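Peer 1: Questions regarding the structure given below will be posed in turn.
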């Protein structure tokens, strides 16, 4: 059979990895796909780089638009990134009847609804395994492997940079700034790490997973996002003493909510540092590794672990998509797995629960005067809002110090209730600091 | 669209779970599959049980052959188990042009080559996600998610009963027999647990994973199988002291072997208790849970974790297959994922490496006279065979005892070399016991 002809847009880290792995494993991949997958054209602004990697084996151009309109190209692989020219190229490829494989999470999280609608109209596939958790086949697991389940929640370590930083902060007891510099030196964090650190990259990936898990549209703008820049190493230490680790988790959960017309369903969408029990497998995912925990009603908890970034792990996902698309590129569209796991007419616009209504457990740390009655005042405020305390540590005051730290873990409550209680606690004269508030998830059901 | 019509053979634990999950999640599954998946006929010898579960919603029969020849049935789900009537039914269904979904690992490991050849001729699908690791979508990950990779090795905890027993032996320091009885009482082990305990069930699953990872035929009879019945709790304790845990692993690995005509490739296929470093994620998979670690050349290490058995986790895999088959049942066969991941004409009969030629690390325990020079004799025998020692513990002899235990971890060597050395060591007058020999895998590359 004639080789399938791929146009590669962008031959940087992942593009270079894709070219290299396709060449190295050509025989293995062809034995699986039933036909050769050949990169026929490469578009990159750096033609010298493209020449070094491709060694004359593909047509090179600086004009990516010439690739998406090339009648010889069957599948376009978009590895440019961002929402500017990448969006135009992907839409142009779709409108030219070409299938698309992309690793661009920002593009899908922000413009996915437009892109998938266009693909649906054009009868082409847009595959995106590489957009979430690198080489881990989590999109396939969610869209196909768990299709029997009502997915209840997903909790994922889906950003390697922040997981590396948190692992180092815990291991070495160092502050955030110091570890970030180290991560940049080692290449685990970019020169401008703000997308990773602020949780935005994780929020892009979470948006995509929530869409395919629950059959809802992409709604990146509704994700509650908090990063790790303000995290204090002391809280990592106290969490450890209480049997917890702090991870930046992307969490999406199906919950019952009291709507205007009775109990309805809502979806939580949130990225934030989270205490999780140290004994959980996912709490032991260290360094730049990724892991996604998925709870389905039939299957229970399943976990998927691996490298979430890097040239070849991401190329592994890109090429797996190429094999799938190669197999199905002339198939009847209804034989294909729907882009967002659910049939396009079965996607439901389920409400995203506002963060104030989210119910979870909390870790609180505050500095208080070392005098009798302090704890009574604080616990009274919490009790008035039906917030009960599950565990507490009071740091032994240092000789001569007039204040000490109290650390508390609460039972489940709504965010608006804990925030109201915190405002009152901070107003107490005996409370000498802002209240540090972190969320805690047991991840057990 | 008209519902797809499924004939269910066997409505025991997994069959009942499949019926229940399909009914409970009908709307969710239909939103994904694009059409309803309906169990139209159920065959079981226990008609009263079948009636209780189906509540009149399916045609019931005690004659499974009437289901596989029913022209109204599109897909047959075989949940009878074993290699007798199940084989006949599956082949009959295939020859009647019906697609088959099965959870029967013994059948596929032993008769898979015959069954997949028949399916190929008939142009039907035989799907088997439920045959390995219950609800974990490991077959899909290996066949599709990692298709870019040259798989290097797989190491899996793929039998929940034995993992439960080993976890309990370690946690509670109890001997095998006591824990087995407890496991039977709790329902984690069957009344006749021999298939699980002896490693045969794990070997069935390993056979299937090796075939789809490496593109080789099913070769169950070539798996080296050792179970856990002879494992002594004291070795679990010593392993722990050395930083290792003992798990029953199914291991399959691609290695270079010196054949008659130069260096060729061979495949290791083995199930045995294995020491693995305690800090590895897979070492922390406890109780009846399953986990499979897959090393690919591009993706690196990926891990898949979840429930490996039980009514609903296994039903999750059966129904995921039903959704896939529903989507593709009228597709061109070459658009489908090949049964064994590789195109039928690309399956290669790679040599299975004899166990004597396998190279790995070893844990040795032996009782010796408490006298000078003993260690020199033993290490001389090892050194003569180029076997070097990585770590050693000598148990402090108890007051008045004339002998003590030596525990050693070796570097990598071939099984035939360690066995030759052990024979000489056991012949030494100062050695007072058989040498306990366990294998050790670092699982790090």
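Residue numbers (this note's numbering), protein chains in the order written: chain F, 142 to 586; chain V, 142 to 586. For each residue, glycine too, the CB sits at the ideal point set by N, CA and C. Remember, predicted model here, so these are calculated numbers, not experimental data.
#1: Name the DSSP bridge partner or partners of residue 240 of chain F?
#2: From residue 151 of chain V to residue 449 of chain V, what distance separates their C-alpha atoms?
#3: Just to confirm, is the Cβ distance from residue 291 of chain V to residue 169 of chain F under 8 Å?
#4: Using the three-state DSSP reduction, which class does residue 571 of chain F fall into: helix, strand or coil?
#5: Please report the distance separating the alpha-carbon of residue 261 of chain F from that of residue 356 of chain V.
#6: Return the first residue and the last residue of the beta strand (DSSP E) that residue 448 of chain V is part of.
#7: DSSP state of residue 337 of chain F, grouped into three classes?
#8: Taking the C-alpha atoms as reference points, what is the distance between residue 369 of chain F and residue 426 of chain V?
#9: What three-state label does DSSP hand residue 558 of chain V in the structure shown?
#10: To the nearest angstrom, how far is it from the Cα of residue 295 of chain V to the Cα of residue 289 of chain V?
#11: When you compare the CB positions of residue 442 of chain V and residue 328 of chain F, do they come within less than 8 Å of one another, or not?
#12: Ignoring anything shorter than 3 residues or poking outside the region 494-527 of chain F, list the beta strand (DSSP E) runs there in chain order.
#13: Please classify residue 541 of chain V as buried or exposed, where buried requires at least 16 other C-beta atoms within 10 Å of its C-beta.
#14: Taking the C-alpha atoms as reference points, what is the distance between residue 350 of chain F and residue 533 of chain V?
#15: Nearest chain F C-beta to residue 384 of chain V closer than 8 Å, yes or no?
#16: Quick check: what's the CA-CA separation for residue 276 of chain F versus residue 456 of chain F?
#17: Do residue 249 of chain V and residue 437 of chain V count as a contact pair if the criterion is CB distance below 8 Å?
#18: Who are the neighbours of residue 273 of chain V on chain F, taking C-beta pairs under 9 Å?
#19: Less than 8 Å between CB atoms is the rule here; does residue 484 of chain V satisfy it with respect to chain F?
#20: Just reading off the alpha helix (DSSP H) that residue 194 of chain V is part of, what are its end residues?
#21: What does the alpha-carbon distance come out to for the pair residue 205 of chain V and residue 172 of chain V?
#22: By Cβ distance below 6 Å, which residues in the same chain neighbour residue 519 of chain V in space, the five residues on each side in sequence not counted?
#23: Just to confirm my understanding: we take residue 485 of chain F, look at its own chain, exclude 5 residues before and 5 after, and list those with CB closer than 7 Å. What are they?
#24: Decide if the region 517-531 of chain V is in contact with the region 463-474 of chain V; the criterion is three or more beta carbon pairs, one per stretch, under 8 Å apart.
#25: What residues from the region 442-462 of chain V come within 7 Å of chain F, judged by C-beta to C-beta, listed N to C?
#26: Going along chain V in order, which residues have a C-beta closer than 8 Å to the C-beta of residue 170 of chain F?
#27: Rounded to whole angstroms, what's the CA-CA distance from residue 581 of chain V to residue 420 of chain V? Just pull it up for me.
#28: Could you tell me how far apart the beta carbons of residue 496 of chain F and residue 411 of chain F are, in whole angstroms, since I believe they sit closer than 8 Å?
#29: Taking 8 Å as the threshold (C-beta atoms), are residue 300 of chain F and residue 342 of chain F in contact?
#30: So, does the region 536-553 of chain F touch the region 506-525 of chain F, judging by three or more C-beta pairs under 8 Å?
#31: When burial is assigned at 16 or more other CB atoms within 10 Å of the CB, is residue 405 of chain V buried or exposed?
#32: What residues of chain F sit near residue 277 of chain V, judged by a beta carbon separation below 7 Å?
#33: List the residues of chain V that residue 166 of chain F touches, going by C-beta distances under 9 Å, in chain order.
#34: Whose C-beta lies closer than 7 Å to the C-beta of residue 417 of chain F among residues of the same chain, with five residues either side of it excluded?
#35: When you compare the region 209-216 of chain F with the region 233-242 of chain F, are there three or more beta-carbon pairs, one atom per stretch, that lie closer than 8 Å?
#36: According to DSSP, simplified to helix, strand and coil, what is residue 168 of chain V?
Peer 2: On the basis of the supplied data:
#1: DSSP, once it has assigned bridges, lists F:216 as partnering residue 240 of chain F.
#2: If I take the Cα positions, the gap works out to 20 Å.
#3: Contact: yes.
#4: If DSSP states are grouped into helix, strand and coil, residue 571 of chain F belongs with coil.
#5: Spanning the two alpha carbons is a distance of roughly 35 Å.
#6: From DSSP, the beta strand (DSSP E) with residue 448 of chain V extends over 441-448.
#7: Helix, per DSSP.
#8: When rounded, the separation of the alpha-carbon atoms in residue 369 of chain F and residue 426 of chain V is 29 Å.
#9: Look at residue 558 of chain V here: in three-state DSSP terms it is helix.
#10: Spanning the two alpha carbons is a distance of roughly 16 Å.
#11: Cβ distance not < 8 Å, so residue 442 of chain V and residue 328 of chain F don't count as in contact.
#12: Runs of the beta strand (DSSP E) lying entirely within the region 494-527 of chain F and spanning at least 3 residues, in chain order: 500-510.
#13: Counting Cβ neighbours within 10 Å, residue 541 of chain V comes out exposed, since fewer than 16 surround it.
#14: Those two C-alpha atoms are separated by around 48 Å.
#15: For residue 384 of chain V, the answer is no, since every Cβ of chain F falls outside 8 Å of its Cβ.
#16: Going from the Cα of residue 276 of chain F to the Cα of residue 456 of chain F covers about 7 Å.
#17: Judged by beta-carbon spacing, residue 249 of chain V lies beyond the 8 Å limit of residue 437 of chain V, meaning their Cβ atoms are not closer than that value.
#18: For residue 273 of chain V, no chain F residue has a C-beta closer than 9 Å to its own C-beta; the minimum C-beta separation is roughly 12 Å.
#19: With its beta carbon less than 8 Å from one in chain F, residue 484 of chain V belongs to the interface.
#20: For residue 194 of chain V, the enclosing alpha helix (DSSP H) stretches over residues 188-195.
#21: C-alpha of residue 205 of chain V to C-alpha of residue 172 of chain V: approximately 30 Å in a straight line.
#22: Around residue 519 of chain V, the same chain offers 566 as residues with beta carbons nearer than 6 Å, after the five sequence neighbours per side are excluded.
#23: These residues qualify, in order along the chain: 261, 479.
#24: Judged by Cβ distances under 8 Å, the region 517-531 of chain V makes no contact with the region 463-474 of chain V, as fewer than three pairs qualify.
#25: When CB distances to chain F are screened at a threshold of 7 Å, the residues of the region 442-462 of chain V falling below it are 442, 443, 444, 445, 446, 447, 448, 453, 454, 456, 457, 460, 461, in chain order.
#26: Chain-order list of chain V residues neighbouring residue 170 of chain F: 288, 289, by C-beta distance under 8 Å.
#27: Near 14 Å, if we compare the C-alpha coordinates of residue 420 of chain V and residue 581 of chain V.
#28: The beta-carbon separation of residue 496 of chain F and residue 411 of chain F, rounded to 7 Å, stays under the 8 Å limit for a contact.
#29: Their beta carbons are under 8 Å apart, which means residue 342 of chain F touches residue 300 of chain F by this criterion.
#30: When Cβ pairs closer than 8 Å are counted between the two stretches, the region 536-553 of chain F is seen to touch the region 506-525 of chain F, the count reaching three or more.
#31: Residue 405 of chain V should be labelled exposed.
#32: Correct list: 443.
#33: Listed along chain V are 289, 290, 291, 438, 439, each with a C-beta nearer than 9 Å to that of residue 166 of chain F.
#34: Taken in chain order, the residues that qualify are 385, 386, 388, 423, 424, 582, 584.
#35: The region 209-216 of chain F makes contact with the region 233-242 of chain F: 3 or more CB pairs, one atom from each, lie closer than 8 Å.
#36: In the structure shown, the three-state DSSP call for residue 168 of chain V is helix.
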